[in-house]
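Worksheet: one structure, shown below.
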Amino acid sequence: MEKVISKDGTSIAFDKSGSGPALVLVGGAFEQRAMESDTSKLAVYPLLTENFTVYHYDRRGRGDSTDTLPYDVKREIEDIEALIDLAGGSAFLSGISSGAGLAFEAALALGGKVRKLALYEPPYNDDPDARAAWRNYRKELADTLAEGRRGDAVGLFMMLVGMPAEHLEGMRQMPFWGMFEDVAPSLAYDAAALGDEAAVPVEKAATLTTPTLVMNGGATPYPFMAPTADALAKAIPNAQRRTLEGQVHEVEPDAIAPILVAFFKG
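Residues in the sequence shown are numbered from 29 upward in steps of one, following our numbering.
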């Protein structure tokens, strides 16, 4: 483990592996270096480390990274910038799920420091009912966290992504639940990165000059992911669009790694 100090003094913990041009991986909700997550598996996948120096970091408020309040999405962008500066001043950037939303915001803000951008299933959704549900979720999440009810905050997120309420008690008995509770305040950070309604940010996307790859899984359980990816790819001036057949939201490294290598090195 190594650490870099972000602009506001927050200590960002990261692992570095491989060799070649820098690639920073941005994880989604709950993800951290100690978890066996999509991003953790990708960070050590041989095809990736043979082609890049891979930076896998704990987002602020998670794992071995510290946190500084009040939160602002700009601070998380500064965390990514600190890693990029440490890596030599430019890097490829790849994000999964809500991490893709943060990576998108970072590419907008950091310009040429992000050489290319890859997004897998950023969970924007233009459906009016989904946008209303997102507004309600953000309010309930803020209230729950303000009252210190971290377990209930995790439950809110689980129900948002489709888990039946009656399954929550069983989930609370799982070994990973404690780790989720520990980082529950960072759920608000993921929510902030996706915006007030988590609508597809087509106006912002139209201003993005970074070459971008937008992906979804062909077997994803979330039907809105494909039209969301289509809308983003259409709006971004220099975008490519891929569907990874057979993949769900938890993408396998052997499916996405060859696509990332071809895109970043192409």
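All residues carry an ideal CB built from backbone N, CA and C; glycine is no exception.
Here's the rule I'm using: 16 or more other beta-carbon atoms within 10 Å means buried, otherwise exposed. How should residue i be labelled?
| i | result |
| --- | --- |
| Gly37 | exposed |
| Asn164 | exposed |
| Asn266 | exposed |
| Thr256 | buried |
| Ile33 | exposed |
| Ala134 | buried |
| Met253 | buried |
| Pro229 | buried |
| Glu46 | Residue 46 is actually Gly in this sequence, not Glu. It counts as buried. |
| Ala128 | buried |
Give me the residue from the options with the minimum Cα distance to residue i.
| i | options | result |
| --- | --- | --- |
| Ala226 | Lys69, Arg270, Trp162 | Trp162 |
| Lys293 | Met29, Arg103, Gly48 | Gly48 |
| Arg88 | Ser214, Pro229, Pro265, Glu30 | Ser214 |
| Asp210 | Ala283, Ala181, His277 | Ala181 |
| Gly190 | Ala119, Ala115, Ala137, Pro251 | Pro251 |
| Lys44 | Ala71, Gln60, Asp100 | Ala71 |
| Ile40 | Ile112, Asn79, Leu75, Pro156 | Ile112 |
| Ile105 | Phe132, Leu97, Asp92, Lys31 | Phe132 |
| Met29 | Gly223, Met253, Thr81, Arg61 | Arg61 |
| Met63 | Gly46, Arg90, Leu75, Glu194 | Arg90 |
| Arg159 | Leu222, Pro192, Gly46 | Leu222 |
| Phe291 | Leu53, Ala110, Phe120 | Phe120 |
| Gly246 | Asp258, Gly274, Asp224, Thr237 | Gly274 |
| Asp224 | Phe204, Pro151, Met202, Thr172 | Pro151 |
| Gly139 | Lys69, Ala193, Leu236, Asp157 | Leu236 |
Compute the beta-carbon to beta-carbon distance between residue i and residue j, rounded to the nearest angstrom, for a pair I have assumed lies under 8 Å.
| i | j | result |
| --- | --- | --- |
| Tyr83 | Leu51 | 7 Å |
| Ala57 | Ser126 | 5 Å |
| Ala146 | Leu288 | 6 Å |
| Ala285 | Leu272 | Their Cβ separation, rounded to whole angstroms, is 11 Å, which puts Ala285 and Leu272 out of contact at 8 Å. |
| Glu149 | Asn244 | 5 Å |
| Val101 | Ala219 | Not confirmed; about 10 Å, so no contact. |
| Tyr217 | Tyr99 | 6 Å |
| Ile108 | Gly55 | In fact, because the Cβ distance is near 12 Å, the residues do not count as touching under 8 Å. |
| Thr77 | Ala115 | With 8 Å as the limit, Thr77 and Ala115 do not qualify as a contact, their Cβ atoms being about 14 Å apart. |
According to DSSP, which residues form a beta bridge with residue i?
| i | result |
| --- | --- |
| Asn244 | Thr271 |
| Ile40 | Val32 |
| Leu147 | Gly123, Val242 |
| Thr81 | Gly46, Ala50 |
| Val142 | Ala119 |
Could you pull out every residue in the same chain whose Cβ sits closer than 6 Å to the Cβ of residue i, ignoring the five residues on either side in sequence?
| i | result |
| --- | --- |
| Ala234 | Ala263 |
| Glu278 | Asp66 |
| Gln268 | Leu241 |
| Ser118 | Lys141, Arg143 |
| Leu188 | Tyr165 |
| Met15 | For residue 15 there is no data in the structure shown, the boundaries of the chain being 29 and 294. |
| Pro7 | Given a span of 29 to 294 for the chain in the structure shown, any question on residue 7 remains unanswerable. |
| Glu59 | Ser65, Thr67 |
What does a CB cutoff of less than 7 Å around residue i pick up in its chain, not counting 5 residues either side in sequence?
| i | result |
| --- | --- |
| Arg178 | Glu209, Ala212 |
| Tyr73 | Pro281, Ala285 |
| Leu196 | Gly183, Met186 |
| Lys232 | Leu136 |
Which same chain residues, not among the five before or five after residue i, have their C-beta less than 8 Å away from its C-beta?
| i | result |
| --- | --- |
| Arg103 | Ser34, Lys35, Asp36, Thr38, Arg88, Thr96 |
| Leu169 | Ala181, Leu184, Phe185, Leu215, Ala216, Ala219 |
| Asp155 | Phe252 |
| Ala110 | Val32, Ile33, Ser34, Lys35, Ile40 |
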